[in-house]
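Residue numbers for the sequence shown follow numbering that gives the first Met the number 0, so the first one is 0 and each next one is one higher. All C-beta atoms, glycine included, are put in the ideal place defined by N, C-alpha and C. Okay, so here's the structure we're looking at.
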Amino acid sequence: MSRVVVTGRVPQPALEALTATHEVDLWDAEDPIPREELLRRVAGADALVTLLTEQVDGELLDAAGEQLRVVANVAVGYNNVDVAACRERGVVVTNTPGVLTEATADIAFALILMATRRLGEGERIVRSGAPWQWGMFFLLGSGLQGKRLGIIGMGGIGQATARRARAFGMEVGYHSRSACDPEVEAELAATRLELDELLASSDVVSVHCPYSEATHHLIGEPQLAAMKDTAYLVNSARGPIVDEAALARALREGTIAGAGLDVFEQEPQVHPELMQLENVVLLPHLGSATVETRTAMAQLAADNALAVLAGEEPPTPVRG
Ligand code: DGY
0 MSRVVVTGRV PQPALEALTA THEVDLWDAE DPIPREELLR RVAGADALVT LLTEQVDGEL
60 LDAAGEQLRV VANVAVGYNN VDVAACRERG VVVTNTPGVL TEATADIAFA LILMATRRLG
120 EGERIVRSGA PWQWGMFFLL GSGLQGKRLG IIGMGGIGQA TARRARAFGM EVGYHSRSAC
180 DPEVEAELAA TRLELDELLA SSDVVSVHCP YSEATHHLIG EPQLAAMKDT AYLVNSARGP
240 IVDEAALARA LREGTIAGAG LDVFEQEPQV HPELMQLENV VLLPHLGSAT VETRTAMAQL
300 AADNALAVLA GEEPPTPVRG
């Protein structure tokens, strides 16, 4: 029987799968586990099932000890895990791709609709109790039909967002390290573009690439300046891909028309200037937040941990 540390609450089926064959130490709270407590608990663990709120670095791996075999992150993004430090110690890293694709694309598209149709502003007006009535020019937004969605990062979530855009009558451009399969390009009528071309020609830009040193502040002042002043920026990937201070300036000065964010640079803190602006929609990292998706993510993480503990290849290892 191996020792598995689960660093936060996860849906019951995943927990049951782990406890059926292993000793499980669960941080049974909604709030993230304090670092000191985490360092203490991981000692002697064979497997860690981690949430994206925990930093898995050399210090944590050393605190766990040499017997540690797997870090199973319950997220598709794994920028909270120092993969090189895991590799050096022979620890397998896994993530949860695929199972959250549709839910995250839903949130990206919800942000697109909220930002372009000014839904947050409308809701705030109604809830404030301020007088309002239908008017020819009241809270006019921007339609999507015939407009171009520019997708940065055309993996599964980018493609699923593109599919939604096609259903709304949008054209799709994308910028990605590698080209999509020709069948996918044909299905989505998607054109691959250089980043500057995509920024200059899109009416909505949606960010879906992974976060790494290479994508830190990929969208900063020059990129925002390259966008149309009628365009919108949406980020449902990772906060630090967008320079929030530059975004706040661009929104305030009308360099772009609006934005929608589900993720933030210093999560859960939000840049104070963004909080003051009406033309940005702010969501608390809800991309994968459905019962079905979170259940599937936790199950996949459990399956990954169980496979490594059994000496088998895990279903979704982090490679590269
Ligand atoms: C992920 O899996 O990376 C998501 O951001 C979690 O919501």
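Residue i, DSSP secondary structure in three states
| i | result |
| --- | --- |
| Thr254 | coil |
| Asn78 | coil |
| Arg88 | coil |
| Ala19 | coil |
| Leu125 | Going by the sequence as given, residue 125 is Val instead of Leu. In this structure, Val125 counts as helix in the three-state DSSP scheme. |
| Leu217 | coil |
| Glu196 | helix |
| Glu312 | coil |
| Asp45 | coil |
| Thr190 | strand |
| Thr6 | coil |
Presumed contact (8 angstroms Cβ cut-off) between residue i and residue j, rounded CB distance
| i | j | result |
| --- | --- | --- |
| Ala309 | His270 | Contact doesn't hold; Cβ gap of about 45 angstroms is too wide. |
| Ala46 | Ala236 | Ala46 to Ala236, Cβ: 27 angstroms. No contact. |
| Phe167 | Leu143 | 5 angstroms |
| Thr6 | Leu38 | In fact, because the Cβ distance is near 11 angstroms, the residues do not count as touching under 8 angstroms. |
| Val206 | Ile156 | At roughly 10 angstroms, the Cβ-Cβ gap does not stay under 8 angstroms, so Val206 and Ile156 are not in contact. |
| Arg2 | Ala44 | 5 angstroms |
Residue i to residue j span [Cα, whole Å]
| i | j | result |
| --- | --- | --- |
| Gly76 | Ile124 | 35 angstroms |
| Ala249 | Leu198 | 14 angstroms |
| Phe137 | Ala178 | 42 angstroms |
| Arg8 | Lys227 | 43 angstroms |
| Asp202 | Gly149 | 8 angstroms |
| Pro314 | Val279 | 38 angstroms |
Residue i CB to nearest heavy atom of the ligand DGY below 6 angstroms
| i | result |
| --- | --- |
| Ser211 | no |
| Ser205 | no |
| Ala44 | no |
| Val155 | Reading off the sequence, residue 155 comes out as Gly, not Val. No, the Cβ of Gly155 stays beyond 6 angstroms of every heavy atom of the ligand DGY. |
| Val75 | yes |
| Ser287 | yes |
Any non-hydrogen atom of the ligand ATP closer than 6 angstroms to residue i Cβ
| i | result |
| --- | --- |
| Ala107 | Within the structure as shown, the ligand ATP is missing, the only ligands being the ligand DGY. |
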